[in-house]
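For the sequence shown, numbering that gives the first Met the number 0 assigns the number 0 to the initial residue and increments by one for each residue that follows.
We put the beta carbon where it would ideally sit given N, CA and C, even for glycine.
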Amino acid sequence: MAIIKVGKEDLRESDSSMSELSEYFSSLSASKGRSITYNVKTYGCQLNESDSEKLCGMLEQMGLKEASSDETADIIIFNTCAVRENAEDRLFGNLGIVKADKINDKDRIVAVCGCMTMVEQNVEKIKKSFPYVDMVFDPQHLHLFPVYLRDALRNKKQLVNISAEDYIVEDSLVPIARKRRFRALVPIMYGCNNFCTYCIVPYARGRERSRDMEEIMDELKKLASEGYKEVMLLGQNVNSYRSSKGERFPQILEAAAGIEGFSRIRFMSSHPKDVSEEIVDIMASYPNIETHLHLPLQSGSDRILKLMNRPYNREDYLKTAHYFRDKVPHGAISTDIIVGFPGETEEDFLETLKVVKECGFDSAFTFQYSRRPGTKAATMEDQIPHDVVTERFGRLLELQNDLAYKSNLAKVGKTEEILIEGQSSTAPDILTGRTLSNHLVNFTIPDELKDPSKTSDDYEGMLCDVEFTHARPYSVDGKMVRLK
Ligand code: 5AD
Ligand code: SF4
């Protein structure tokens, strides 16, 4: 399928819909005597988060305000992932909950979008069981959201806009309401060509397509001048970035690191086949590129990797991991692992445990295999019984928790720079942030460093040095020694 580059002129209807909707919401606000509000609920990866920031940007341009947590919004959008079945289950549960709100207020709009809309059964289920959902649209057509919203309000019947087209829309064409004032999510490429046999993403997000490097650089420079401290370069396969002019990921990474103002450059997700020594060398040579590599292993068994259509073996993977450990000695490696892929034997699983031990992952996202309709693995024989999967999963988790704890323990006694993310969710006088290696840190501010004029929120996005005092399974405790 051809890749369609969206230009400013292609967004005319979207722009005029936004103006029309601004007027509509402004009169609705006058008649209700209050602001009109939205709530975008996001389930999934950072690319989904980034899509949600665009939806929020468009809604804010139409004059809406984000609803406070205890208020039911006038527009509720569920932006939902399809990678595993549990996100969909959660969505259907939530749709049941909003039914009463929708019945109580006919002006309220409920929308569903995200990768899950590309699974036919999901859309059929919404049509049949949730007729009060006003609109359903796919992630490729995000830029047309204002048009869909206008049509849904005009037609007053459920609108379903799903079609698979591979658009590339530059960020400069769509308003973005960034969730965090220190972190900018910047997608550099979309889609995936890998067709790992368990994965729905290539069907949901289409083929790989990359943004223009010049556009990305303009966006990054603007973000740096606006005071963003951290940039996250995003793509389903971020390292397979290739612009129409032939520029590749290493060039983007180096150019981003060279922009003054960013203290942290992060990127995800990487595919082991695309993580070259060149990328690791660049990571090792710039002080503001995170010393953390997310390298999804999926399985440690060569036989299962082949069945998964992952074009590397255990040895290739370990070579990359060791190269990274050598070049970035204080760095961290995280991974994704699937347990219970069809045909996985106890021996295959033990191979996975072996690789996990050898790599000593600093953290890991571990998943039980979820059968996704439409993927090749869903039709494979020898699906693994649930009890076997959960038993193996438990063993993996036990090993990985131990490794994560050890990784945190190795920090104790050291002092490192932290980018402050805000107040900890557990205690108001504790701040939370991350090291350059992406370790999560909770820390206190000693009295002599406390600034009574600052609230916890004021620290968000600031850098400080923290001395680590105590390790936990998923985080490190510490105390601030210097605010920068
Ligand atoms: N079942 C379980 N985990 C999956 N992932 C992708 N598809 C599935 C599936 N069908 C995991 C992979 C991927 C991460 C984002 O989600 O580990 O790297
Ligand atoms: Fe899914 Fe594999 Fe593509 Fe990652 S590389 S998005 S796991 S198909």
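Excluding the 5 residues preceding and the 5 following residue i in the sequence, name in chain order all residues of the same chain whose CB lies nearer than 6 Å to its CB.
i           : result
residue 27  : 35
residue 74  : 37 and 108
residue 339 : 367, 368, 383 and 388
residue 470 : 407, 408 and 411
residue 146 : 12, 13 and 16
residue 134 : 110, 147, 151 and 158
May I ask which residues mark the beginning and end of the beta strand (DSSP E) holding residue i?
i           : result
residue 494 : Since the first residue shown for the chain is 0 and the last is 483, residue 494 is missing from the structure and cannot be characterised.
residue 479 : 475-482
residue 431 : 430-433
residue 321 : First-last for residue 321: 313-326, but that is the alpha helix (DSSP H), not the beta strand (DSSP E).
residue 333 : 331-338
residue 42  : 36-42
residue 165 : 165-167
residue 418 : 414-422
residue 441 : 439-443
residue 304 : Where residue 304 is concerned, there is no enclosing beta strand (DSSP E), although the alpha helix (DSSP H) it sits in stretches over 301-306.
residue 467 : 462-470
residue 136 : 134-136
residue 233 : 229-233
residue 191 : It is not in any beta strand (DSSP E) - residue 191 carries neither H nor E in the DSSP assignment.
residue 176 : No beta strand (DSSP E) holds residue 176; DSSP gives it neither H nor E.
residue 292 : 291-293
residue 141 : Unbroken run through residue 141: none, as it is neither H nor E.
residue 238 : First-last for residue 238: undefined, no H or E at that position.
residue 109 : 108-112
residue 5   : Taken as a continuous stretch (DSSP letters only), residue 5 belongs to no beta strand (DSSP E), as it is neither H nor E.
Starting from the C-beta of residue i, find all residues in its chain whose C-beta is less than 7 Å away, skip the five residues before and the five after it, and write them out in chain order.
i           : result
residue 375 : 196
residue 482 : 448, 461 and 463
residue 71  : 100
residue 332 : 292, 294, 320, 323, 358, 360 and 361
residue 24  : 35, 61, 62 and 63
residue 51  : 39, 41 and 78
residue 180 : 459 and 460
residue 47  : 41, 78, 80 and 113
residue 202 : 117 and 373
Give the C-beta separation of residue i and residue j to the nearest angstrom, bearing in mind that I take them to be a contact with Cβ-Cβ under 8 Å.
i           : j           : result
residue 369 : residue 119 : That pair is no contact at about 17 Å.
residue 267 : residue 233 : 7 Å
residue 116 : residue 88  : In fact, because the Cβ distance is near 15 Å, the residues do not count as touching under 8 Å.
residue 311 : residue 272 : 5 Å
residue 239 : residue 207 : 6 Å
residue 78  : residue 39  : 6 Å
residue 300 : residue 347 : 4 Å
residue 422 : residue 455 : 4 Å
residue 478 : residue 442 : 6 Å
residue 520 : residue 289 : The chain is shown from 0 up to 483; residue 520 falls before or after that span and cannot be answered.
residue 169 : residue 210 : 6 Å
residue 13  : residue 142 : 6 Å
residue 417 : residue 465 : 5 Å
residue 262 : residue 287 : 6 Å
residue 350 : residue 313 : 7 Å
residue 175 : residue 53  : 6 Å
residue 166 : residue 3   : 5 Å
Once the 5 residues before and after residue i are set aside, which same chain residues still bring their CB inside 8 Å of it?
i           : result
residue 253 : 281 and 285
residue 124 : 91
residue 251 : 187, 212, 215, 232 and 240
residue 102 : 131
residue 352 : 299, 394, 395 and 398
residue 247 : 240 and 241
residue 405 : 359
residue 467 : 410, 411, 412, 413, 414, 415, 440, 475, 476 and 477
How is the alpha helix (DSSP H) around residue i delimited, first residue to last?
i           : result
residue 216 : 212-224
residue 144 : 144-154
residue 24  : 11-31
residue 57  : 45-60
residue 203 : 200-204
residue 126 : 119-128
Shorter than 8 Å from the beta carbon of residue i to some beta carbon of chain B?
i          : result
residue 29 : Absent here is chain B; the protein component of the structure consists of one chain.
What residue ranges within the segment 241-286 form continuous beta strand (DSSP E) runs of no fewer than 3 residues, ordered along the chain?
263-267
In chain order, what residues have a CB nearer than 6 Å to some heavy atom of the ligand SF4?
191, 193, 194, 195, 198, 200, 201, 235, 236 and 270
Give the list of continuous alpha helix (DSSP H) stretches no shorter than 4 residues that lie fully inside the segment 66-103.
84-103
3 or more residues per run - each beta strand (DSSP E) lying fully within the segment 344-412:
362-367
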